[in-house]
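Structure first, then comments.
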Amino acid sequence: MRLFENLNINFMSKRTTFYVVSSIILLIGLLNILIRGLQFGIDFKGGTEVAIQFEKPINIAEIRREVDKIGLGNVEVKTFGGSTGILLRTEMQEIPSNVIPKVKSKIEAIIENTLPGIEKKVIDSTSSSITYNFSDPQTAEVINNRLFEAGFQTAKVSEEPTNTGVVVRLGIADWIKENFSEKFVNNPFNVLKEDKVGPKVGKELKTDAIIAVMLSLIVILIYLGFRFKFAFALGAVIALFHDILITLGLFAILYGVIPGLNLEITVSVVAAFLTLVGYSINDTVIVFDRVREQMKLHKSLPLEENMNHAINRTMSRTLITVFTTLLTIIVLLIFGGEVLRGFAFALFIGMITGTYSSIFIASAFVLEVANRTKTKIEF
Amino acid sequence: MKEIRFRLFLVLGAIALSVYLLIPTYKDYLNNKKVTQQLSFLEDSLKKSNPNLPAIQIKEFINNKRDSILSNNPDYRAAREKRVKLGLDLQGGMYLVMEVNTAKLLEKLAKDPDDQFNQILKEAENESRLSNENVVSILARKLKEKGIRLSRYFGTIREDDDKIISRLLEQEADAVTRAIEIIRNRVDQYGVSEPNIQKQGSRRIVIELPGIAREEEAKRLLQGRALLEFKLVKDPEFAIPIMKRIDEVLAASLKGDSLTGDTTKTVKADTSKQQNLTEEQFAKEHPFFAIARLIDPQGRIPDAFVKESDRQKLNAYLERPEVKKVIPDNVEFLYDAKPESGPDGVKYYRLYMLNKTPELTGGVIIDAKSNIDPTTSAPIVTMQMNSEGAREWARITGSNIGKRCAIVLDGVVYSAPVIQSKIPSGNSQISGIPNLDEAKLLEIVLKAGALPAPVDIIEQRSVGPSLGQDSIKQGSNSVLFGYLLVALFMAFYYKKAGTIADFGLIVTVLLILGVLAGFQATLTLPGIAGIVLTMGMAVDANVIIYERIREELKTGKTDRAAVDAGFKNSLSAILDSNITTFFTGIILYQFGSGPIQGFALTLMIGILTSLFSALVLVRIIFDYMVSKGYKINVG
Numbered sequence: 067m068r069l070f071e072n073l074n075i076n077f078m079s080k081r082t083t084f085y086v087v088s089s090i091i092l093l094i095g096l097l098n099i100l101i102r103g104l105q106f107g108i109d110f111k112g113g114t115e116v117a118i119q120f121e122k123p124i125n126i127a128e129i130r131r132e133v134d135k136i137g138l139g140n141v142e143v144k145t146f147g148g149s150t151g152i153l154l155r156t157e158m159q160e161i162p163s164n165v166i167p168k169v170k171s172k173i174e175a176i177i178e179n180t181l182p183g184i185e186k187k188v189i190d191s192t193s194s195s196i197t198y199n200f201s202d203p204q205t206a207e208v209i210n211n212r213l214f215e216a217g218f219q220t221a222k223v224s225e226e227p228t229n230t231g232v233v234v235r236l237g238i239a240d241w242i243k244e245n246f247s248e249k250f251v252n253n254p255f256n257v258l259k260e261d262k263v264g265p266k267v268g269k270e271l272k273t274d275a276i277i278a279v280m281l282s283l284i285v286i287l288i289y290l291g292f293r294f295k296f297a298f299a300l301g302a303v304i305a306l307f308h309d310i311l312i313t314l315g316l317f318a319i320l321y322g323v324i325p326g327l328n329l330e331i332t333v334s335v336v337a338a339f340l341t342l343v344g345y346s347i348n349d350t351v352i353v354f355d356r357v358r359e360q361m362k363l364h365k366s367l368p369l370e371e372n373m374n375h376a377i378n379r380t381m382s383r384t385l386i387t388v389f390t391t392l393l394t395i396i397v398l399l400i401f402g403g404e405v406l407r408g409f410a411f412a413l414f415i416g417m418i419t420g421t422y423s424s425i426f427i428a429s430a431f432v433l434e435v436a437n438r439t440k441t442k443i444e445f
Numbered sequence: 002m003k004e005i006r007f008r009l010f011l012v013l014g015a016i017a018l019s020v021y022l023l024i025p026t027y028k029d030y031l032n033n034k035k036v037t038q039q040l041s042f043l044e045d046s047l048k049k050s051n052p053n054l055p056a057i058q059i060k061e062f063i064n065n066k067r068d069s070i071l072s073n074n075p076d077y078r079a080a081r082e083k084r085v086k087l088g089l090d091l092q093g094g095m096y097l098v099m100e101v102n103t104a105k106l107l108e109k110l111a112k113d114p115d116d117q118f119n120q121i122l123k124e125a126e127n128e129s130r131l132s133n134e135n136v137v138s139i140l141a142r143k144l145k146e147k148g149i150r151l152s153r154y155f156g157t158i159r160e161d162d163d164k165i166i167s168r169l170l171e172q173e174a175d176a177v178t179r180a181i182e183i184i185r186n187r188v189d190q191y192g193v194s195e196p197n198i199q200k201q202g203s204r205r206i207v208i209e210l211p212g213i214a215r216e217e218e219a220k221r222l223l224q225g226r227a228l229l230e231f232k233l234v235k236d237p238e239f240a241i242p243i244m245k246r247i248d249e250v251l252a253a254s255l256k257g258d259s260l261t262g263d264t265t266k267t268v269k270a271d272t273s274k275q276q277n278l279t280e281e282q283f284a285k286e287h288p289f290f291a292i293a294r295l296i297d298p299q300g301r302i303p304d305a306f307v308k309e310s311d312r313q314k315l316n317a318y319l320e321r322p323e324v325k326k327v328i329p330d331n332v333e334f335l336y337d338a339k340p341e342s343g344p345d346g347v348k349y350y351r352l353y354m355l356n357k358t359p360e361l362t363g364g365v366i367i368d369a370k371s372n373i374d375p376t377t378s379a380p381i382v383t384m385q386m387n388s389e390g391a392r393e394w395a396r397i398t399g400s401n402i403g404k405r406c407a408i409v410l411d412g413v414v415y416s417a418p419v420i421q422s423k424i425p426s427g428n429s430q431i432s433g434i435p436n437l438d439e440a441k442l443l444e445i446v447l448k449a450g451a452l453p454a455p456v457d458i459i460e461q462r463s464v465g466p467s468l469g470q471d472s473i474k475q476g477s478n479s480v481l482f483g484y485l486l487v488a489l490f491m492a493f494y495y496k497k498a499g500t501i502a503d504f505g506l507i508v509t510v511l512l513i514l515g516v517l518a519g520f521q522a523t524l525t526l527p528g529i530a531g532i533v534l535t536m537g538m539a540v541d542a543n544v545i546i547y548e549r550i551r552e553e554l555k556t557g558k559t560d561r562a563a564v565d566a567g568f569k570n571s572l573s574a575i576l577d578s579n580i581t582t583f584f585t586g587i588i589l590y591q592f593g594s595g596p597i598q599g600f601a602l603t604l605m606i607g608i609l610t611s612l613f614s615a616l617v618l619v620r621i622i623f624d625y626m627v628s629k630g631y632k633i634n635v636g
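In order, the protein sequences belong to chains A and B. If you want the numbering used here, it's the position in the first sequence, counting the first as 1, plus 66. If you want the numbering used here, it's the position in the second sequence, counting the first as 1, plus 1.
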């Protein structure tokens, strides 16, 4: 089978149309980024995040109501994976001090319910943990396990068999778990993951991500400048920049629009951008490679004609290579699960715009430079 | 034909090597399955016999049991050590990033800190939370603004600020090293299998603890203050008779056990089967000495060597009530921190019998320094104590000359030097250290007592085992469906040439896994995504080559000429495009952590192996077909 075998389209003459198309998409995307903003994941924002999987399907509105009651302020609630999973997130790092007495009384109620009338002493209390001492090691052991089952993170003070102390963590995730296990008695759940990221880490990561993307663009600029002519390298990098901006714009436009698609900027989305930069340059390289070959063969022909010829000749391989990669990305989008979805989506959009831009932006840019400066590019 | 042969050897060699490297992974998978199945019976019976026991406790017990079986049986262990490791996101566990709290460290280091200093330090600490600047440099700047010299609080009066700053930064880096050593030591004791502890940047530590459910427990372990103690080692005249008593009591009670039998018997039988008869008999009669072999058979040194794999067994023996009865109350057994390798490559730990009550604790140490002795040019470590410690130390050393005094950090012995003479000033020198690295380690350990390394947890992530299981399933489905889709398309579009590319793709995936196993790299979910993506990208090289061959055939070239020209003319485009992707892979590896690095790694390995497949393997098949006169069919 052969697709696009004798393709002969004058792509370069239509370039203004594509400038307009690109500009409109970019503009809509940028407006959305400015107005709606990009939603950053916990990696960049910091905070606490818990993913919980229930046994039976749950009503998300009910979960929201429950979460509002436990005094943690603004907690985001989303579905995670399927109809039984939820993701809870808050920007808080610790339980606010006005809720702590509530948490403590809950812990003490559990202790009281387990072993009524038991003697206990608070020997240490901080903003993130509380330490109890009991009369004998056996009691400490029982309470330790009971509180752990109730959703709290607990530890014995020492591993010695004579230990009588139990430390209970007062964490946001624990408080949520405890409330849920009480509220949804008939629908047991299982904690899938729990993340807590300090604000400083997120801030640094943002800087690092921008540096990494910029660095990769510069590396490509240098490499292609060395392999081709500088105008070509610049065209390619502008095309890549265009791809990233469009993908980012789509993340802003589509955030919360498609159910089940969690479009927030996480570390893996940044990884997708970097992969995109490295991969989407491939099409451009193939076109440029052919342009260079054409220019060597037909020195007298105008650049525009050589470019058209090169694009038409390489069209089928450009589309097929992107198609095979898109196949695997679609597989990741469908089968990869919640964790990989944002990553796969960024790649999916980026690959498509990457192919488009390698034809209509990268080559067109080189042509514009050549026309404007009236220089003849020669290899 | 001749030139094909060499390349064919290359390809077959690479495939064979990959398969060889993947055998342990497969074996480990089978072992895991087997042990899990064995333990499921135990789990059921435990549930039946103890209906009141919480499910969590049973699960924990079973998990511990499985870990200990898998890591103690030498066969299982060999496979486990060489398998492709799974990342935390696939097997569940805890990921922590800790940072040295420089402000607390500075507070400790400052001489005569006044209110003003504490005030400025607090401001500097708050400011550092929001900026990338280091606390030390912020503090220096703030003091300068107020016209105070740094030397008022740190260093000596003659030193200028720059020198003090660089020294403080050094202290900070030291604290990180110290914290890592303390954490590594504790994680080892906690019995986490395959922990990963790494330094990140200048003041951070990344800790990965697979399969940890009780976070709070692990976290307390990591953050608590390190305990450094000096304990006297027992004399042989005292230690040997006790060891002999333990041996006798143990032999008698084990004989009793084997008659009644217990649930762990099946497991025990497995490990002892390989030993020959006389050894077995020795083990029966002297169960203690069989696994804790005396270093000196004449019994002049009461230390024993214990195989790494026997440690748990010995600990269980020592915990038995009848054994505990014969061990005096004021005595305990402790292991060396680092194992020594025996002639057969087996790791042995030295076991010491020590006084339970420490003579001194590490709080009295002011400083420690590793050095080279100028006269003997052997590595030494010097330590200074404060006046109170020095007084005690003089008494201890004076009355125990010729005895050994062990340096114990968090229950593990780092060194047990012999006391040569009475040390009146508290300035001691430890010699007889095998190399400078060990000396450096001892310095770190001694300082741990004097200067705790305050660390804060700044990032904490935990993945439950069920999410890990789901991810493994999703990952392997993606690999399977990704391959099928790409392979079907290639076979459909390029016919016979397409199926050759599909074969190349299988080899590519095999090689990626082989390389991962060979480098003992960790496979993460993004890593699997990298493999899936690589499959889509790997055929690109084939597509470029095939399209070119088609074009060459169209110009009327013979099959042989078209294949040659096709491969030759597409080489530069293939290399260009793969090199750029490889570059971004390197940048990504630098930028990311954990899972993302896994992705970058598989992406880079994927690029190399797919190039190998497309340019070498597929080429051989084409060359072979051309030489045999088969029709080249590129769709």
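For glycine and all other residues, C-beta sits at the position ideal for the given N, C-alpha and C.
{"Item": "Could you tell me which of Ile302/B, Tyr336/B and Phe283/B sits nearest to Lys308/B, measuring between CA atoms?", "Value": "Tyr336/B"}
{"Item": "Suppose contacts are defined by Cβ-Cβ distances below 9 Å. Is Asp162/B in contact with Arg179/B by that definition?", "Value": "no"}
{"Item": "Taking only beta carbons into account, state which residues of the stretch 251-262 of chain A come closer than 7 Å to chain B, listed in chain order.", "Value": "Asn256, Val257, Leu258, Lys259, Glu260, Asp261 and Lys262"}
{"Item": "So, are the CB atoms of Ala305/A and Gly420/A less than 9 Å apart?", "Value": "yes"}
{"Item": "Based on the DSSP output, what are the partners of Tyr336/B in its beta bridges?", "Value": "Leu352/B"}
{"Item": "With a cut-off of 8 Å, do at least 3 Cβ pairs link the stretch 439-448 of chain B to the stretch 83-93 of chain B?", "Value": "no"}
{"Item": "Indicate whether the contact test is met: 3 or more Cβ pairs, each with one atom in the stretch 316-329 of chain A and one in the stretch 343-361 of chain A, closer than 8 Å.", "Value": "no"}
{"Item": "Assuming Leu352/B and Asp304/B form a contact by the criterion Cβ under 8 Å, report the distance between their Cβ atoms to the nearest whole angstrom.", "Value": "6 Å"}
{"Item": "As a quick exercise: from Gln219/A, Ala239/A and Gln119/A, pick the residue whose alpha carbon is nearest that of Val232/A.", "Value": "Gln219/A"}
{"Item": "In chain order, what residues of the stretch 311-340 of chain A put their CB closer than 9 Å to some CB of chain B?", "Value": "Val333, Ser334, Val336, Ala337 and Leu340"}
{"Item": "Rounded to a whole number of angstroms, what is the C-alpha to C-alpha distance between Glu270/A and Val207/B?", "Value": "16 Å"}
{"Item": "Going by DSSP, what residue range makes up the alpha helix (DSSP H) through Leu576/B?", "Value": "Asp560 to Phe592"}
{"Item": "Of all Cβ atoms in chain B, is any one closer than 9 Å to the Cβ of Ser149/A?", "Value": "no"}
{"Item": "Can you have a look at Asp263/B and say buried or exposed, based on whether 16 or more other CB atoms are within 10 angstroms of its CB?", "Value": "With a pLDDT of 45 at Asp263/B, under the threshold of 50, the modelled position of that residue is not reliable, and the figure given next carries that caveat. Flag for Asp263/B reads exposed."}
{"Item": "Assign Lys266/B to one of two classes, buried (16 or more other C-beta atoms within 10 Å of its C-beta) or exposed (fewer than that).", "Value": "Residue placement at Lys266/B is flagged as unreliable, the pLDDT there being 40, under the threshold of 50; the coordinate-derived value follows with that caveat. So Lys266/B ends up on the exposed side."}
{"Item": "Give a yes or no on whether 9 Å exceeds the smallest Cβ distance from Ile352/A to chain E.", "Value": "Although the question refers to chain E, the structure presented lacks it and instead comprises the protein chains A and B."}
{"Item": "Opposite Thr156/A in the DSSP bridges: which residues?", "Value": "Thr114/A"}
{"Item": "List, in chain order, every chain B residue whose beta-carbon is nearer than 7 Å to that of Val343/A.", "Value": "Thr585"}
{"Item": "Which residue wins for smallest C-alpha separation from Asp1/B, given the options Thr500/B, Asn74/B, Phe62/B and Lys49/B?", "Value": "No information on residue 1/B is available, as it lies outside the stretch 2 to 636 that chain B covers here."}
{"Item": "Can you find a C-beta in chain B that's less than 9 Å from the C-beta of Ile396/A?", "Value": "yes"}
{"Item": "So, at 8 Å on beta carbons, what are the nonlocal neighbours of Phe264/A in its own chain, with the 5 sequence-adjacent residues on each side left out?", "Value": "Reading off the sequence shown, one finds Gly at residue 264/A, where the question assumed Phe. Excluding positions up to five away in sequence, the list reads Gly112 and Gln159."}
{"Item": "Taking 7 Å as the limit between beta carbons, can you name the residues of its chain near Ile377/A, skipping five residues before and five after?", "Value": "Phe77, Val353, Ile425 and Ser429"}
{"Item": "Where does Thr585/B land, buried or exposed, given buried means 16+ other C-beta within 10 angstroms?", "Value": "buried"}
{"Item": "Which two residues bound the contiguous alpha helix (DSSP H) that contains Gly1/B?", "Value": "Any answer about residue 1/B is impossible in this case: the structure gives chain B only from 2 up to 636."}
{"Item": "Hey, is Lys220/B's beta-carbon within less than 9 Å of any beta-carbon in chain A?", "Value": "yes"}
{"Item": "Below 8 Å on the Cβ atoms is my contact criterion, and I expect Gly88/B with Thr523/B to pass it. Report the Cβ-Cβ distance as a whole number of Å.", "Value": "5 Å"}
{"Item": "Can you tell which of Gln598/B, Ile575/B, Thr581/B and Gly595/B has the C-alpha that lies nearest to the C-alpha of Leu612/B?", "Value": "Ile575/B"}
{"Item": "Would you say Asn348/A reaches chain B, if we count a Cβ-Cβ gap shorter than 9 Å as a contact?", "Value": "yes"}
{"Item": "By Cβ distance, which residues of its chain are closer than 6 Å to Tyr422/A, with the 5 residues on each side in sequence left out?", "Value": "none"}
{"Item": "Quick one: which residues of the stretch 282-296 of chain A get their C-beta closer than 7 Å to a C-beta of chain B? List them in chain order.", "Value": "Ser282, Val285, Ile286, Tyr289 and Arg293"}
{"Item": "Between Leu295/B, Gly403/B, Lys49/B and Phe290/B, which lies nearest to Leu233/B when the distance is taken from Cα to Cα?", "Value": "Gly403/B"}
{"Item": "Find out if the Cβ-Cβ distance for the pair Arg102/A, Leu433/A is shorter than 9 Å.", "Value": "no"}
{"Item": "Over what stretch of residues does the alpha helix (DSSP H) that includes Tyr321/A continue unbroken?", "Value": "From DSSP, Tyr321/A is part of no alpha helix (DSSP H); its letter is neither H nor E."}
{"Item": "Thinking just about the alpha-carbon of each residue, which of Pro298/B, Gly14/B and Leu22/B is nearest to the one in Ala518/B?", "Value": "Leu22/B"}
{"Item": "Mind checking whether Ile177/A and Ile166/A have CB atoms under 9 Å apart?", "Value": "no"}
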